[in-house]
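What follows is a single structure, written as structure tokens, with notes after it.
In our numbering, the protein residues as written are 43 to 141.
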């Protein structure tokens, strides 16, 4: 399934790997769980236990790509790099109500 298909399905978990201060300064996506990149390794069990597709995102897609790469090596099978938060938010909002 592609990222676009997952978003259209409405069945996913959002994880924002930015630092909390970035959320305060830049904004966020409603419903997203904040797990900063530096905490991903310590909280991998929490992430790996999610039973739906996981979409990771950050400011640009770089940190979320690193988090996805790591989590994939730990067994995450249904993960996606959502890229930058602003673009992902726009994509999600554009697809609300289409499922």
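Just so it is clear, CB atoms sit at the ideal spot from N, CA and C, and this is done for glycine as well.
For residue 128 and residue 104, the gap between their C-alpha atoms comes out near 14 Å. Cβ neighbours of residue 95 within its own chain (closer than 6 Å, five residues either side excluded): 48, 54, 120. Under the three-state reduction of DSSP output, residue 104 falls in the helix class. By the C-beta density criterion, residue 80 is exposed, having fewer than 16 other C-beta atoms within 10 angstroms.
Within the stretch 71 to 116, the complete alpha helix (DSSP H) segments of 4 residues or longer fall at 79 to 82, 86 to 90, 104 to 115, listed in chain order. In chain order, 56, 58, 99, 127, 130, 131, 134 place their CB closer than 8 Å to the CB of residue 71, counting only its own chain and leaving out the 5 sequence neighbours on each side. Where residue 64 is concerned, there is no enclosing beta strand (DSSP E), although the alpha helix (DSSP H) around it starts and stops at 62 to 68. In this structure, residue 112 keeps its C-beta atom at 7 Å or more from the C-beta atom of residue 45. Between residue 136 and residue 106, the alpha-carbon positions lie close to 22 Å from each other. Boundaries of the beta strand (DSSP E) harbouring residue 56: 55 to 58, taken from the DSSP string.
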